[in-house]
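Heads up, the sequence shown is in this note's numbering, so the first residue is -13 and it goes up one at a time.
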Amino acid sequence: MSTPERLVVVVYDIRCSKRWRLVHRMMRGQGEWLQLSVFQCLLDTRRKAQLVDRVRSVIDPNEDHVLFFDMGPAHTASAQVISLGLPYAVLEREVMVL
């Protein structure tokens, strides 16, 4: 049984363009791109741990910085956000039938 999804905001500052592109590609497969190095993702515990491990394997911990902000359960995420300019919308949980 999987754990409930949580809204996770991932922010990164990566010095090397090659590593930046690798992390950016990883993130595109996991969440919605918000800004240059900012993604919001809906992740259960297992997928979050896998993503952290994958990112950790690419970055240089002496040069790069990646933050994972857990905003709480996806169905009740109520973080206060001030958005200037383009509109911002929290990811809505969707039902997927396979």
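C-beta atoms are modelled at their ideal positions from N, C-alpha and C, and glycine is treated no differently.
Because the structure is a prediction, the values reported are computed rather than measured.
By alpha-carbon positions, which one of the options ends up nearest to residue i?
i	options	result
VAL24	THR31, MET12, ASP30, ARG32	MET12
GLN21	TYR(-2), SER43, ARG32	TYR(-2)
ASP50	SER3, ARG(-8), GLU(-9), LEU(-7)	SER3
LEU8	VAL41, ALA35, GLN36, VAL52	VAL41
HIS10	LEU37, MET57, THR62	LEU37
Give me, in chain order, the residues of the same chain whose beta-carbon lies closer than 7 Å to that of residue i; leave out the 5 immediate sequence neighbours on both sides.
i	result
TRP6	ILE0
So, at 8 Å on beta carbons, what are the nonlocal neighbours of residue i in its own chain, with the 5 sequence-adjacent residues on each side left out?
i	result
PRO59	PRO(-10), GLU(-9), ARG(-8), LEU(-7)
GLU18	PHE25, GLN26, CYS27, LEU77
ASP30	SER(-12), THR(-11), PRO(-10), GLU(-9), ARG(-8)
VAL44	ARG5, LEU8, VAL9, MET12
From the DSSP output, in three-state form, read off residue i for me.
i	result
ASP50	coil
Quick check on residue i - is its C-beta less than 8 Å from some C-beta in chain C?
i	result
VAL24	Absent from the structure: chain C. Only one protein chain is present.
With a floor of 4 residues, list each alpha helix (DSSP H) that falls wholly inside the segment -10 to 35, ordered by position along the chain. Listed in chain order, the alpha helix (DSSP H) elements of length 4 or more contained wholly in the segment -10 to 35 are 3 to 14.
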